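Step one of this worksheet: look at the structure below.
Number of protein chains: 2
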Amino acid sequence: MGLMTGTHPHPDEEAGARSTAYRRIREDIVGGVLAPGWWVREGALAEQLGVSRTPVREALNALAAEGLVEIVRHRGARVLPWTMRDVDEVYSIRAVLEGEGARLAAIRASDEEVQGLWESAERFEQAARELVDLRARGRGGDAAARGAVDAVTEANGVLHRAVLTAAGSPRLTVLLRSLSSEARIGQVFHHYTDADLTRSMVGHHDIVLGIERHDAPLAESAMRSHILAARHAAARSASDAPAPSTRGTAQIDRDRAREGWGRGQGVP
Amino acid sequence: MGLMTGTHPHPDEEAGARSTAYRRIREDIVGGVLAPGWWVREGALAEQLGVSRTPVREALNALAAEGLVEIVRHRGARVLPWTMRDVDEVYSIRAVLEGEGARLAAIRASDEEVQGLWESAERFEQAARELVDLRARGRGGDAAARGAVDAVTEANGVLHRAVLTAAGSPRLTVLLRSLSSEARIGQVFHHYTDADLTRSMVGHHDIVLGIERHDAPLAESAMRSHILAARHAAARSASDAPAPSTRGTAQIDRDRAREGWGRGQGVP
DNA sequence: GGACGACAGGTCGCATGCAATCATGGGACT
DNA sequence: AGTCCCATGATTGCATGCGACCTGTCGTCC
Chain A
6 MGLMTGTHPH PDEEAGARST AYRRIREDIV GGVLAPGWWV REGALAEQLG VSRTPVREAL
66 NALAAEGLVE IVRHRGARVL PWTMRDVDEV YSIRAVLEGE GARLAAIRAS DEEVQGLWES
126 AERFEQAARE LVDLRARGRG GDAAARGAVD AVTEANGVLH RAVLTAAGSP RLTVLLRSLS
186 SEARIGQVFH HYTDADLTRS MVGHHDIVLG IERHDAPLAE SAMRSHILAA RHAAARSASD
246 APAPSTRGTA QIDRDRAREG WGRGQGVP
Chain B
6 MGLMTGTHPH PDEEAGARST AYRRIREDIV GGVLAPGWWV REGALAEQLG VSRTPVREAL
66 NALAAEGLVE IVRHRGARVL PWTMRDVDEV YSIRAVLEGE GARLAAIRAS DEEVQGLWES
126 AERFEQAARE LVDLRARGRG GDAAARGAVD AVTEANGVLH RAVLTAAGSP RLTVLLRSLS
186 SEARIGQVFH HYTDADLTRS MVGHHDIVLG IERHDAPLAE SAMRSHILAA RHAAARSASD
246 APAPSTRGTA QIDRDRAREG WGRGQGVP
């Protein structure tokens, strides 16, 4: 019944050279191909992507708005570092924003939405158990483990997004997306212990329970605790350097800036 | 000692054609020159501003990221409506975000910052008293009242920004700025009753007190209450339609879309 | 030897041009 | 009369070109 404001077509789900460039550059940043401190040249990227500088430019502006790169006038875009302090900051903000989302969801969620939340929680639990089993069997080697972790990550994202949808507050969704949290800490479940996974399962259960019972304070505090608890595991994952993968875009390596990390950070 | 991430040069404080266009378009939107539902033509704006379409385009992208306009591929940018529901949503989010900011400020604020906060609160109080006096004398007619309200608005903004600065979380600042809250509800103090102003003064006092005492829960809840209390006055101010002012940019009026409001809102 | 100033290289910011796409209006057909 | 289709006009999306600005280097002077 509520009137919806217009849809918000994120570059993630759009066509066109700009969105393509946006996705590709973001992948390269979170994947470690473009390490923090490096300068991103419009021209080089445009050539690599087979497009002109214009869409690349607009993509970089979008990434700058999300805090992934920093644009210096007449110099270009530089990949920003991602420290443990950033992880802490993002998780603190996620805690309050998603907490508010859970609170609203507890107030406004329909029965169908609650049903969907239970299913999402169930799917997360399945994926988590599968990962635990895989580890227990010692086969946590490569592809299988990676796939299982991806499944957990996906199920987790689905659940959290479903809560936000049930909250009915598009701005919350937009703000959380612009935190680039999902993008940069997508690998966090690699560092989850079995205990962490169990904790997540219980947390999700409490959250959905609070929403089902329309108990706003319970839903909010459960979500807050859930995210704050996840912060520690995330901090662990922040310490492993994003390996300069060998995948594609090798040409950029030549453009590696001589001045990295040290300079340009403490500019007042 | 804490390493600072790069500065975040918002278009507000930058030079160049893009930032100029950004500021101008935003002013026209919040000032009512560009009413919700209207299509904003790149070409027309570029001609008016005396620049090319490129910087106008980038400015519109930035405004879309802040939720002021909506960009439809191959059709252009349309000014989004601003309903009472939006006000509610923005204030709810502000409550939790600025509450978190106050909490962090209570933990991390230095003595100098606390001193600055007291001064800001004092300045707000002065401005508020001046406005009350002006109204009591019945001279709340035009220019004087407008100036007094502007002073209150400015002092309020200074205080809230100072809290965020003391919080030491640049992302909080960025997120709040991208809410376009300051931009669109800058006129809110016009609708403040004397009681509202008094309440604000007290609220500010409690917030700063909580920060000074390093009482994080107090600071957080004081800030939350302060903003949630302000929501009602803000809702009042949302109801007055932004009058299609006569100021400048008259040419745009011809481009007024035949299709406004109704269509394109409920797209799933 | 160190510091200052001019020069060169390179990149960005903006202007302009062209093609793809969408909305609109008229006409033909049912 | 109503509906479908196509042609037309307008607008965006992207490509390209040029000038402005910054950085780094070299030469000169103190």
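Protein sequence lines, in the order shown, are assigned to chains A and B.
Going letter by letter, the first sequence gives residues 6 to 273 in our numbering.
Going letter by letter, the second sequence gives residues 6 to 273 in our numbering.
Built from N, CA and C at the ideal position, the CB exists for glycine as well.
Keep in mind it's a predicted model, so treat the numbers as computed, not measured.
Shown here, residue 83 of chain B sits in a strand according to DSSP, grouped into three states. Per the coordinates, the alpha-carbon of residue 110 of chain B lies some 6 Å from the alpha-carbon of residue 168 of chain B. According to the DSSP assignment, residue 75 of chain B belongs to the beta strand (DSSP E) that extends over 74 to 77. Cβ-Cβ distances below 7 Å link residue 15 of chain B to 182 in the same chain, with the five nearest sequence neighbours on each side left out; the list follows chain order.
Residue 123 of chain A sits in a helix when the DSSP states are folded into three classes.
Counting other Cβ atoms within 10 Å of its Cβ, residue 228 of chain B reaches 16 or more and is therefore classed as buried.
Each residue's CA atom was taken as its position, placing residue 214 of chain B and residue 126 of chain B some 11 Å apart. Taking all protein chains shown into account, residue 138 of chain A has fewer than 16 neighbouring C-beta atoms within 10 Å of its C-beta and is therefore exposed.
Checking the DSSP bridge columns, you'll see residue 44 of chain B partnered with B/83.
For residue 101 of chain A, the chain B residues whose C-beta falls within less than 8 Å of its own C-beta are 101, 102, 104, 105, listed in chain order. Each residue's CA atom was taken as its position, placing residue 20 of chain A and residue 78 of chain B some 9 Å apart.
In this structure, the straight-line span from the alpha carbon of residue 85 of chain B to that of residue 201 of chain A is close to 42 Å.
In the three-state reduction of the DSSP assignment, residue 142 of chain A falls in the coil class. The residues 118, 178, in chain order, have a CB closer than 8 Å to that of residue 170 of chain B in the same chain once the five nearest residues on each side in sequence are set aside. Look at the segment 121 to 141 of chain B: it has no residue with a C-beta under 7 Å from a C-beta of chain A.
Below the 7 Å Cβ cutoff, chain B contributes 174, 176 as neighbours of residue 94 of chain A, in chain order. Against chain A, the CB of residue 67 of chain B has a partner CB under 9 Å away; the residue lies at that interface. Here residue 173 of chain B is buried, its C-beta having at least 16 other C-beta atoms within 10 Å.
Assignment of residue 198 of chain B by DSSP, reduced to helix, strand and coil, places it in the coil class. Contact annotation for residue 190 of chain A against chain B: no contact, minimum CB-CB distance about 14 Å [criterion: below 9 Å]. Against chain B, the beta carbon of residue 97 of chain A has neighbours under 8 Å at 105, 109, 174, listed in chain order. Neighbours of residue 180 of chain A in chain B, taken as residues whose beta carbon is under 8 Å from its own, are 98, 180, 183, 184 in chain order. Beyond the five residues adjoining it in sequence on each side, residue 150 of chain A comes within less than 8 Å, by CB distance, of 136, 139, 140, 144 in the same chain, given in chain order.
A direct Cα-Cα distance of roughly 43 Å separates residue 63 of chain A from residue 223 of chain B. Distance between residue 190 of chain A and residue 239 of chain A, taken at the CA atoms: about 7 Å. Contacts with chain A at 9 Å (Cβ-Cβ) include residue 78 of chain B. Neighbours of residue 70 of chain B in chain A, taken as residues at a C-beta separation under 8 Å, are given in chain order as 67, 70, 183.
Residue 47 of chain B and residue 81 of chain B do touch by the CB rule: their CB atoms are close to 7 Å apart, below 8 Å. Here residue 192 of chain A carries a coil assignment [DSSP, helix/strand/coil].
Residue state for residue 220 of chain B is assigned as coil, using DSSP reduced to three classes. Assigned with DSSP and collapsed to three states, residue 38 of chain A falls in coil, not helix or strand. Shown in chain order are the members of the segment 45 to 64 of chain B whose Cβ falls below 7 Å from a Cβ of chain A: 63.
Following the DSSP letters along the chain, one finds residue 165 of chain B inside the alpha helix (DSSP H) bounded by residues 148 to 172.
With 16 or more neighbouring CB atoms inside 10 Å of its own CB, residue 72 of chain A falls in the buried class.
Across the structure, residue 24 of chain B and residue 154 of chain A are spaced so that their CA atoms are roughly 43 Å apart.
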